[in-house]
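Input: a single structure, listed below in structure tokens.
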Amino acid sequence: MIDIKLFRTGDERDRVLESQRARFAPDEDVHEVAALDEAWRKMQYELETIRAELNATSKAIGRLKAAGNQEEAEKLMEATKETKERLAAKEAEVTGDGDEKYLIATSQQALCAYHLGDRIYRAELPIRVHQFEKIEQFCITSPNGNESWEMFEEMIQNSQDFYKELGLPYQVVSILSGALNLAAAKKYDLEGWFPASQT
């Protein structure tokens, strides 16, 4: 993940551009990210300005009510409706209201949370098929019987089959229980052996 601040200043942006060029990637991506970030920061500033205006008005309404000037307070409350509408519109503009796109390193947690409480039938699977250059296996299985353990073994077998197809030497390492996080009961690492890199 690249810190967005690297796109904000000339020197730092130049470093990102150099990295792009070294990987034969287009400069336009860097300039587009910088432009989008600048537009987002401008909208964020406008949003904060509207919020500050609304907060100031709310305090003024409170002072008027405390002073017993209910009629003026109600007029001011009526006037805040337009400000609240502007605020809602600007919030939607800043957050992208409903586009539901996020830049994340991996999707398992988000995908699992998204379907929390859902009943997913076999006919609806797979939920998602990856279309990028990495392999992930993520399965939601029934807690009944040994189904989840069987799927666990099937997943490690899939990985081993993949390494065998590529002709890569490997070993399966069982991770010690003390090294597991609280969510894991068992974990294997599949380690490939690459003689040229001495690993």
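To convert, take the position in the sequence shown, counting from 1, and add 271; that gives this note's numbering. Note that the Cβ used here is the ideal one computed from N, Cα and C, for glycine as well.
When the distance is taken between beta carbons, is residue j closer than 8 Å to residue i?
| i | j | result |
| --- | --- | --- |
| residue 321 | residue 361 | yes |
| residue 347 | residue 325 | no |
| residue 431 | residue 461 | yes |
| residue 364 | residue 314 | yes |
| residue 459 | residue 448 | no |
Taking the alpha-carbon positions, what's the residue i to residue j distance?
| i | j | result |
| --- | --- | --- |
| residue 411 | residue 382 | 10 Å |
| residue 466 | residue 441 | 11 Å |
| residue 297 | residue 291 | 7 Å |
| residue 353 | residue 345 | 14 Å |
| residue 293 | residue 312 | 29 Å |
| residue 393 | residue 413 | 11 Å |
| residue 434 | residue 427 | 11 Å |
| residue 424 | residue 443 | 12 Å |
| residue 316 | residue 328 | 18 Å |
| residue 422 | residue 385 | 22 Å |
| residue 286 | residue 302 | 13 Å |
| residue 455 | residue 429 | 20 Å |
| residue 437 | residue 273 | 32 Å |
On the DSSP bridge list, what partners appear for residue i?
| i | result |
| --- | --- |
| residue 461 | 443 |
Tell me which same chain residues have a C-beta within less than 8 Å of the C-beta of residue i, skipping the five on either side of it?
| i | result |
| --- | --- |
| residue 336 | 344 |
Taking the alpha helix (DSSP H) that residue i belongs to, which residues open and close that run?
| i | result |
| --- | --- |
| residue 336 | 298-337 |
| residue 419 | 418-437 |
| residue 281 | 281-293 |
What residues in its chain sit with their C-beta under 6 Å from that of residue i, if we drop five residues either side in the sequence?
| i | result |
| --- | --- |
| residue 278 | 284, 304, 305, 308 |
Note down, in chain order, each residue of its chain lying with its Cβ closer than 7 Å to the Cβ of residue i, except the 5 sequence neighbours on either side.
| i | result |
| --- | --- |
| residue 420 | none |
| residue 351 | 325, 328 |
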